[in-house]
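Chemist: Questions regarding the structure given below will be posed in turn.
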Amino acid sequence: MTTSSSSDRSVDTQWMTRALRLAEQGRGFVSPNPLVGCVILDRDGEVIGEGAHLRFGDPHAEANALASVQDQASLQGATAYVTLEPCTHHGKTPPCATALAQSGVARVVIALQDPNPHVSGGGAARLQSQGIEVELGVCRVEAEEQNRAFLHWIETGLPYVQLKWAQTLDGFSADHEGNSQWISGKESRRLVHQWRSEVDAVLVGSATVLADNPRLTVRHVEGRQPRRVILDSKGTLPPTSQVFQDEFSEKTIWVTAKSAQSAQSSAAAVDPMLELLTSHPFNGTRLTVEQDDQGHCSLRHVLRSLAEHDITSVMVEAGPTLAASFLRENLVDQIDVFTAPILFGKGMKAVDLAVWGMHLVEEDGGRGRLPIRFVTTESFGQDILTTYRF
């Protein structure tokens, strides 16, 4: 690897920032691949090509950038800025490191080394073996932030979990009659739909399905429909629920505990639910996972199964008990809280402290604290969005 002067670093940062912006074009469409952007400058410092990885299975950013160059001769001595180390393996597309090496570029600037064991250092090494100068680490922090879900999935074998809830100023997610629509304003709800279009899956528990019969789809914005993960430990949700029967039912993953499968098998002869399933066939995916000591779906097993189905990110839109359970199991990576300028006085808390709070007392020596890191606060209409990470 090479080092550059401060002036060169400034120029490199400028063009890598542009490549990072290009990479965002693929958000919500390229998973389980990472977001990648590429900008190519000729030897005079003029942009001659750029591109991004736009959809899973389609050409990678480097291939799109190279294809956009009108005069292939201008690639001789050029510099390519790539947000992630070029791949070296044959997957759904040819290796990008090879394409760059054969193009005539003289220098490749890389933001982030790919943690994927199929690549990890191999792309840079292949470029260097062809006499190409390689600069690594420009805008590394920004590249890590952009692909934090992908990096987490690769490094832990679990999807990145974003826990989201809306609450009143006094911390309630529903009033004393259980009504929760709508606490947050339309601007906040629009943002949530944008998030749904960007994550691989949204997850709720059976209580939410029974109470609200939600669709959990993307509306109000353009984007991909996410997979919908429904935790139904006992397997007793009505098959007529919208998530099982609407036009996106093939995107629904119905998760039950093994105990539910055994119970259903023993009661199959008289189970009215079986008749409903027969008359309302489910076109999605059924998953059966290990149960915890209370007979519920083991959340860690759920996440591991989702990761094996190439789900790299999950937004949990759960009620207070399931939200607290995710926190109790230390399975949350990010919390997003919308606080609306409303007071209920009494009602249902956003997080069930009886589930979570007891865990804090046990884990923190009786002090009842769990350290999390504040990230940012933003306004959306009259609501305040606060983001934390663990």
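Quick note on numbering: the sequence shown equals residues 3 to 392 in this note's numbering. A virtual CB, placed ideally from N, CA and C, is assigned to each residue, including glycine. Keep in mind that this is a model prediction, so the values were computed, not measured.
Please report the straight-line C-alpha distance between L383 and G173, rounded to a whole angstrom.
Modeler: The sequence given here places Gly at residue 383; Leu does not occur at that position. G383 and G173: Cα-Cα distance of roughly 19 Å.
Chemist: Mind the definition here: the region 68-81 touches the region 105-112 only if three or more C-beta pairs lie below 8 Å; say whether that holds.
Modeler: With the cut-off at 8 Å, the region 68-81 and the region 105-112 touch.
Chemist: Looking at the structure shown, is W17 part of a helix, part of a strand, or coil, going by DSSP?
Modeler: In this structure, W17 counts as helix in the three-state DSSP scheme.
Chemist: Decide yes or no for the touch test of the region 340-350 against the region 160-172: beta carbon pairs closer than 8 Å, at least 3 of them.
Modeler: The answer is yes - the region 160-172 touches the region 340-350, with three or more Cβ pairs under 8 Å.
Chemist: Measuring only the C-alpha atoms, how far is G297 from K236?
Modeler: Computed Cα separation, rounded: 8 Å.
Chemist: Rounded to whole angstroms, what's the CA-CA distance from R330 to P283? Just pull it up for me.
Modeler: So the alpha carbons of these two residues sit roughly 35 Å apart.
Chemist: Do the region 324-338 and the region 217-232 meet, that is, are 3 or more Cβ pairs less than 8 Å apart?
Modeler: Touching, no.
Chemist: Within 10 angstroms of the Cβ of Q148, are there 16 or more other Cβ atoms? Answer buried if so, exposed if not.
Modeler: Answer is buried; the Cβ neighbour count reaches 16.
Chemist: To which residues does DSSP link K351 through a beta bridge?
Modeler: DSSP output for K351 lists F174 as bridge partner(s).
Chemist: Leaving out five residues on either side along the sequence, give the residues of the same chain with a beta carbon under 8 Å from the beta carbon of L355.
Modeler: So the list reads A326, once near-sequence residues are dropped.
Chemist: Going by C-alpha distance, which of T323, T388, W184, Q164 is nearest A209?
Modeler: Checked all of T323, T388, W184, Q164; the closest Cα to A209 is T323.
Chemist: Are the region 150-157 and the region 121-130 in contact at 8 Å, needing three or more beta carbon pairs?
Modeler: Because the criterion of three Cβ pairs below 8 Å is not met, the region 150-157 and the region 121-130 do not touch.
Chemist: Residues in the same chain with beta-carbon distance under 7 Å from A99, minus the five sequence neighbours each way, listed in chain order, please.
Modeler: Result list for A99: P88, C89, T90, G125, R128, L129, in chain order.
Chemist: With a Cβ-Cβ cutoff of 8 Å, do L86 and A54 count as a contact?
Modeler: No, Cβ-Cβ distance for L86 and A54 is not below 8 Å.
Chemist: Curious, which full-length alpha helix (DSSP H) runs of at least 4 residues does the region 53-121 contain?
Modeler: Here the runs fully enclosed are 63-70, 98-105.
Chemist: Given E157, which residues of its chain have a CB within under 8 Å of its CB, disregarding the five upstream and five downstream residues?
Modeler: The answer, listed in chain order, is P117.
Chemist: Beta-carbon within less than 6 Å of H311's beta-carbon, same chain only, minus the 5 sequence neighbours each way: which residues are those?
Modeler: If we look at H311 and ignore the five residues flanking it on each side, it has no Cβ neighbours.
Chemist: Going by the beta-carbon positions, is the gap between G47 and A21 smaller than 8 Å?
Modeler: No, these two residues do not count as a Cβ contact at 8 Å.
Chemist: In terms of residues, what are the limits of the alpha helix (DSSP H) holding R288?
Modeler: Careful: R288 lies outside any alpha helix (DSSP H), inside the beta strand (DSSP E) at 287-291.
Chemist: By Cβ distance, which residues of its chain are closer than 6 Å to D234, with the 5 residues on each side in sequence left out?
Modeler: S208, T258, listed in sequence order.
Chemist: Nearest to R11 by alpha carbon, out of L138, P161, E64?
Modeler: It is L138.
Chemist: According to DSSP, is K166 helix, strand or coil?
Modeler: In the structure shown, K166 sits in a strand (DSSP, three-state: E or B).
Chemist: What whole-angstrom Cβ distance do V291 and Q164 have, given they're in contact under 8 Å?
Modeler: Contact flag wrong, Cβ pair sits at about 21 Å.
Chemist: Do you know how far the Cα of A309 is from the Cα of A269?
Modeler: Only weak support exists for where A269 lies, its pLDDT of 48 falling under 50; the value from the coordinates is given anyway. Approximately 32 Å between the Cα atoms of the pair.
Chemist: Three-state secondary structure (DSSP) at D385?
Modeler: Strand at D385.
Chemist: Using CA atoms only, rank isn't needed, just tell me which of N285, N181, V201, W155 is closest to K166.
Modeler: Looking at the Cα atoms, V201 is the closest of the given residues.
Chemist: Considering only the beta carbon of each residue, do E52 and A67 sit closer than 8 Å?
Modeler: Yes; because the gap between Cβ atoms is below 8 Å, this pair is in contact.
Chemist: Between W197 and the rest of its own chain, which residues show a CB-CB distance below 7 Å, the 5 nearest in sequence each way excluded?
Modeler: Excluding sequence neighbours, W197 sits near M317.
Chemist: Just to confirm, is the Cβ distance from H178 to G30 under 8 Å?
Modeler: No, Cβ-Cβ distance for H178 and G30 is not below 8 Å.
Chemist: Specify the secondary structure class of D10 as computed by DSSP and reduced to three states.
Modeler: Correct three-state label for D10: helix.
Chemist: Taking 8 Å as the limit between beta carbons, can you name the residues of its chain near K253, skipping five residues before and five after?
Modeler: Result list for K253: Q227, P228, R229, R230, G286, in chain order.
Chemist: Answer yes or no: do T389 and P161 have a C-beta to C-beta separation smaller than 8 Å?
Modeler: Against a cut-off of 8 Å, the Cβ pair of P161 and T389 comes out as no contact.
Chemist: If you count every other CB in all the chains shown that lies within 10 Å of the CB of D14, and 16 or more means buried, which is it?
Modeler: D14 comes out buried.
Chemist: Whose C-beta lies closer than 8 Å to the C-beta of A271 among residues of the same chain, with five residues either side of it excluded?
Modeler: Model confidence at A271 stands at a pLDDT of 49, short of 50, so the residue's coordinates are unreliable and nothing is read from them.
Chemist: In this structure, what does DSSP give as the bridge partners for R375?
Modeler: According to DSSP, R375 bridges with R391.
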